[in-house]
Amino acid sequence: DQQVKQNSPSLSVQEGRISILNCDYTNSMFDYFLWYKKYPAEGPTFLISISSIKDKNEDGRFTVFLNKSAKHLSLHIVPSQPGDSAVYFCAASGDSGTYKYIFGTGTRLKVLA
Amino acid sequence: ETGVTQSPTHLIKTRGQQVTLRCSSQSGHNTVSWYQQALGQGPQFIFQYYREEENGRGNFPPRFSGLQFPNYSSELNVNALELDDSALYLCASSLESGQPQHFGDGTRLSIL
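Top to bottom, those sequences are chains A and B. Going left to right, the first sequence walks through residues 140 to 252 as the numbering used here numbers them. Going left to right, the second sequence walks through residues -18 to 93 as the numbering used here numbers them.
Structure (structure tokens):
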């Protein structure tokens, strides 16, 4: 039972444009959500998080949106840069993030120069 | 500030053997979590340690066990290795206050 789903395995975007990565979840007990970026041969790197009490969190070029009623979150990257090319994982947690993370299967983003 | 470090980076074992993977937490972090990432999948939670006690466990059999030491470093032990145990094993550390988990680069384990 996949509680966190990333239905797009890959995404290609032109440099300078917006990248939108999507994630859906099924467990209404999740109250903390995160996005990680992963380059080959490296561990996941934390990008941005959002608590369920918010619907938006912004950090530089990265913005995460949370729609609790739809159980959907998205990561917007504006403007996209070639260095953003990586696999992006969304993760969800109950207990305000002090416990285990449930990860999606990832979306491979390719930013074209 | 030193990040999360894992050793070894790569390891090859045969079925039935035992393996120990090691992790040093990021400075000041007292919570360590272990994840297994199979090819093409997201990381799957194995267990978490907080101040040397197991703080939660995922859907993994008892042959997966762990330890956390007073300096908050940690070990993952896997007994009776099976072919399906071939994966990237990731360690992540965090503060107890629920701050984001920070990952090491992982140990790539191959079972022949």
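From the three backbone atoms N, C-alpha and C, an ideal C-beta is built for every residue, glycine too. Please read these numbers as outputs of a predicted model, since none were measured by experiment.
Chain B residues whose Cβ lies nearer than 7 Å to that of residue i
i	result
Glu197 (chain A)	Within 7 Å Cβ-Cβ: nothing; Glu197 (chain A) doesn't reach chain B, min ~16 Å.
Phe228 (chain A)	Gly23
Given residue i as reference, the closest of the options once Cα atoms are compared
i	options	result
Ala68 (chain B)	B:Gln22, B:Gln7, B:Glu56 and B:Thr12	B:Gln22
Ser14 (chain B)	A:Thr244, A:Tyr238, A:Thr184 and A:Leu251	A:Tyr238
Leu71 (chain B)	A:Gln145, A:Lys177, A:Gly233 and A:Asp223	A:Lys177
Asn146 (chain A)	A:Val250, A:Lys249 and A:Tyr227	A:Tyr227
Asp84 (chain B)	B:Phe50, B:Gln18, B:Asn36 and B:Asp65	A small correction: the amino acid at residue 84 (chain B) is Phe; Asp does not occupy that position in the sequence shown. Answer by Cα proximity: B:Gln18.
Asn161 (chain A)	A:His215, A:Pro221 and A:Gln153	A:His215
Phe28 (chain B)	A:Lys249, A:Gly245 and A:Ile241	A:Ile241
Leu90 (chain B)	B:Ser75, B:Leu64 and B:Gln80	B:Leu64
Val152 (chain A)	A:Ser232, A:Val217 and A:Thr244	A:Val217
Ala252 (chain A)	A:Ser232, A:Asp194, A:Phe204 and A:Glu154	A:Glu154
His(-9) (chain B)	A:Gln142, A:Glu181 and A:Arg156	A:Glu181
Tyr121 (chain B)	B:Tyr16, B:Pro81, B:Arg(-4) and B:Ser75	With chain B covering only -18 through 93, there is no way to say anything about residue 121 (chain B).
Anticipated Cβ contact below 8 Å, residue i with residue j, distance rounded
i	j	result
Ala230 (chain A)	Leu186 (chain A)	So it is not a contact: roughly 11 Å between Cβ atoms.
Ser55 (chain B)	Gly47 (chain B)	6 Å
Val(-15) (chain B)	Val59 (chain B)	In fact, because the Cβ distance is near 19 Å, the residues do not count as touching under 8 Å.
Pro183 (chain A)	Tyr171 (chain A)	Contact flag wrong, Cβ pair sits at about 16 Å.
Gln(-13) (chain B)	Gly87 (chain B)	6 Å
Gly9 (chain B)	Phe26 (chain B)	In fact, because the Cβ distance is near 22 Å, the residues do not count as touching under 8 Å.
Gly243 (chain A)	Val143 (chain A)	4 Å
Ile157 (chain A)	Ser213 (chain A)	Rounded, the Cβ-Cβ distance is 11 Å, inconsistent with contact.
Partners in chain A for residue i, counting only beta-carbon separations shorter than 8 Å
i	result
Pro81 (chain B)	Leu173, Phe185, Ser188 and Gly236
Gly47 (chain B)	Within 8 Å Cβ-Cβ: nothing; Gly47 (chain B) doesn't reach chain A, min ~14 Å.
Gly112 (chain B)	Residue 112 (chain B) lies beyond the residue range present for chain B, which begins at -18 and ends at 93; the question has no answer from this structure.
Leu71 (chain B)	Gly182 and Pro183
Gln29 (chain B)	Tyr238 and Lys239
Phe26 (chain B)	Lys239, Tyr240 and Ile241
Residue i - DSSP class collapsed to helix/strand/coil
i	result
Leu20 (chain B)	coil
Asp198 (chain A)	strand
Leu(-8) (chain B)	strand
Asp86 (chain B)	coil
Leu76 (chain B)	coil
Gly222 (chain A)	helix
Asp65 (chain B)	helix
Ser6 (chain B)	coil
Val152 (chain A)	strand
Gln145 (chain A)	coil
Under 8 Å from the C-beta of residue i: neighbouring residues of chain B
i	result
Thr244 (chain A)	Gly21, Gln22 and Gly23
Contacts that residue i makes with chain B (C-beta to C-beta distance below 9 Å)
i	result
Glu154 (chain A)	Within 9 Å Cβ-Cβ: nothing; Glu154 (chain A) doesn't reach chain B, min ~27 Å.
Partner residues on chain E for residue i, Cβ-Cβ distance less than 7 Å
i	result
Phe84 (chain B)	The structure shown contains no chain E; its protein chains are A and B.
Neighbour list for residue i in chain A, Cβ cutoff strictly below 7 Å
i	result
Gly87 (chain B)	Gly182
- Item | Selection of the stretch 5 to 16 of chain B by Cβ proximity to chain A, strictly under 9 Å | Thr12, Ser14 and Tyr16
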